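Contents: one structure, followed by commentary.
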Amino acid sequence: MPNTSSKCGITLDFTNAFTDNLNDANKITPTDLSAVQSKAKQAFTAVEENIKNGLFGFAKLPYTPESELDTIIATADDIARNFSDFVVLGIGGSALGNIAVQSALNHPFYNLLKDEVRPRLFILDNVDPEYINGLLDILPLEKTFFNVITKSGTTAETMSQYLIFQDIIKKRLGDKAFRKQFLFTTDPEKGVLRKIADKEGVRTLSIPQDVGGRFSVMTPVGLFSAAVTGINIKNFIAGARAMDQTCRNQDIFANPALMYAVIQHIMDTSKNKPMAVMMPYVQALKDLADWYRQLLAESIGKQYDRNGNIVNLGQTPIKALGATDQHSQVQLYKEGPYDKIITFIGVKNYRETVKIPDDYKDIEQLSYLGNKTLNQLIKAEQDATTVALARSNRPSCTITLDKLDAKTLGALMYMFEYQIAIAGELYNIDAFDQPGVEEGKNLTYAMMGRKGYEDQKELVEQELDKKSDKTVISW
Ligand code: PA5
């Protein structure tokens, strides 16, 4: 049964971005907040207008009809019954959401579970030859299903992976097996992959044309692989819907996405915090920070504003993990430059409780741990790091989930998407394009000899020729 309650199960605590513990240079003062009120209201209104006019495709996804979700679930269940392994070929927005959802909601060692009746899941988001061949070494090809995900249908990494795997399957198992073992998730009309699907009779799922890659986790891009592994995608979408309803509120204190967008914006533009660290204290959310890293970087990192002025703006997203990175990054966060705002993510209740045995009662350095739980320890570490940073004038926000499940994850991911839409308005940039990525893609096409890109090939070669024995040394 889908969870239809409208409560999101998410708390945003911004005390440590405002607290008196911090000096004015590193906190948001009432004056800072009131100075931005009217801008925040304008940003909210602009996002609302765009949503009402159907221009922000991502905001339609929480209302995806049940029948569409049923179709995805039925296809996924059929594949889960017939295959032992499921491979996603995709990159960027066509992979990061899938990875984040999988690690958040499935067993931490899902692929290694002996009695798992659902297929193992591999998401290949790179073209390193060792990585691809390594996977080939372990896949039982006749029991493996391939989901090729590319909105444009032309991305070099995804399409080269596709060329490799389709060739192997066709040669070893034949054309019939190829049709049975592949499904394309792509644009409903455009792109090479759509053409191949039509010509070769491959099943497809469509990505709505008005939803860009990094906002597509709630389309078949993210939903299909999630459903194959048994994740409740209806609850995931219900969570996004609950958050959407919460975010349709211009009161900054009632709208977590608006508040979070405003905090990040003030920190970046008025408090010299160009670094945005996301640090979950939940191992399962490690890859969520990776997904958010792309969402923030590609959406807000822009050269031009909407009026064509050169602005070169955008916070640099940094992903960290508690408690792991307390022993790696926190030294820098506490004593390095005052250039970071940190977002901690925690849960009220972990899905497991692990008690620490009270052996070695006579060793003072260990006895304090005895009879406590790992739950208490990791929570204490999160609180201690938050306080230690605040005491050194390092601002932070804390997002807490009541528990990590499909519904709260849907709500959280949607909150971040909404935050980024608001941020686009606050910065007056287009948060939905990625011209900086396109140039790299085009130069790659040129280097790989794609027709029509010959001039650009020369340009890259000239640049590469500038290397000399004074600037490149091998030892
Ligand atoms: O957010 C984006 O639009 C990009 O990161 C794309 O997802 C990425 O470049 C892959 O593109 P495509 O899905 O067209 O293969």
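Just so you know, the numbering used here puts the end of the sequence shown at 575, numbered straight through with nothing missing.
Beta carbons: idealized from backbone N, C-alpha and C, even for Gly.
Just so it is clear, the structure is predicted and the values come from calculations on it, not from any experiment.
The three-state secondary structure of Asn412, taken from DSSP, is strand. Here the alpha carbon of Asn206 sits roughly 14 Å from the alpha carbon of Lys214. Taking Val201 as reference, the option from Asp387, Asp228 and Phe265 with the minimal CA-CA separation is Asp387.
Within the chosen limit of 7 Å, the ligand PA5 does not reach the beta carbon of Ser260 with any heavy atom.
By a beta-carbon distance limit of 8 Å, Leu469 does not contact Ile478. Their separation comes to about 12 Å. In terms of Cβ geometry, Ile445 and Asp132 do not form a close pair [threshold 8 Å]. Shown here, Ala340 sits in a helix according to DSSP, grouped into three states. Put simply, the residues with a CB less than 6 Å from any heavy atom of the ligand PA5 are Ile191, Gly192, Gly193, Ser194, Thr250, Lys251, Ser252, Thr255, Thr258, Gly312, Gly313, Arg314, Glu398, Gln534 and Val537, in chain order. Counting of Cβ neighbours within 10 angstroms places Ala506 among the buried residues, the total reaching 16 or more.
For Pro417, DSSP records a beta bridge to Ala376. Put simply, the backbone Cα of Ile128 is about 20 Å away from that of Glu435. Apart from sequence neighbours up to five positions away, the residues of its chain that approach Asp344 with a beta-carbon distance below 7 Å are Ala159, Pro162 and Tyr514, ordered along the chain. Going by C-alpha positions, Val227 is about 8 Å away from Ser260.
When DSSP states are grouped into helix, strand and coil, Val147 belongs to the helix group. Taking C-beta atoms as the reference points, Ala488 and Asn116 fail to come closer than 8 Å. Note on the stretch 290-338: whole beta strand (DSSP E) runs with a minimum of 3 residues are 303-306, in chain order. Judged by DSSP secondary structure, Gln202 falls within the alpha helix (DSSP H) whose first and last residues are Leu196 to Leu205. The shortest C-alpha to C-alpha distance from Val377 to any of Glu525, Thr443 and Asp502 is the one to Thr443.
Straight through space, the alpha carbons of Leu543 and Leu196 are spaced by roughly 23 Å. The continuous alpha helix (DSSP H) containing Ile179 extends over residues Glu166 to Asn182. Rounded to the nearest whole angstrom, the CA to CA distance from Leu395 to Gly414 is 11 Å. For Ser134, the secondary structure class from DSSP, reduced to helix, strand or coil, is helix.
DSSP lists Leu413 as the bridge partner or partners of Lys402. Counting of Cβ neighbours within 10 angstroms places Asp569 among the exposed residues, the total staying below 16. Spanning the alpha carbons of Cys347 and Leu273 requires a straight line of approximately 50 Å. Annotation for Ile366: the continuous alpha helix (DSSP H) segment containing it runs Pro356 to Ser370.
Each of Gly540, Tyr404 and Trp575 was checked against the Cα of Leu559, and the nearest Cα belongs to Gly540.
Linking Gln281 to Phe222 through their CA atoms gives a straight-line distance of about 15 Å. Taking one beta carbon from each stretch, the stretch 335-344 and the stretch 416-424 have fewer than 3 pairs nearer than 8 Å; the two do not touch. Exclusion of the five residues before and after Asp390 leaves Leu196, Ile199, Ala200 and Lys419 as the residues of its chain whose Cβ lies within less than 8 Å of its Cβ. For Asn449, the enclosing beta strand (DSSP E) starts and ends at Lys440 to Asn449. Contact check between the stretch 117-125 and the stretch 135-150: fewer than three CB pairs, one atom from each, fall below 8 Å, which does not count as touching. In the three-state scheme derived from DSSP, where H, G and I count as helix and E and B as strand, Asp458 is classed as coil.
Straight across, the Cα-Cα distance linking Val430 with Pro495 is about 13 Å.
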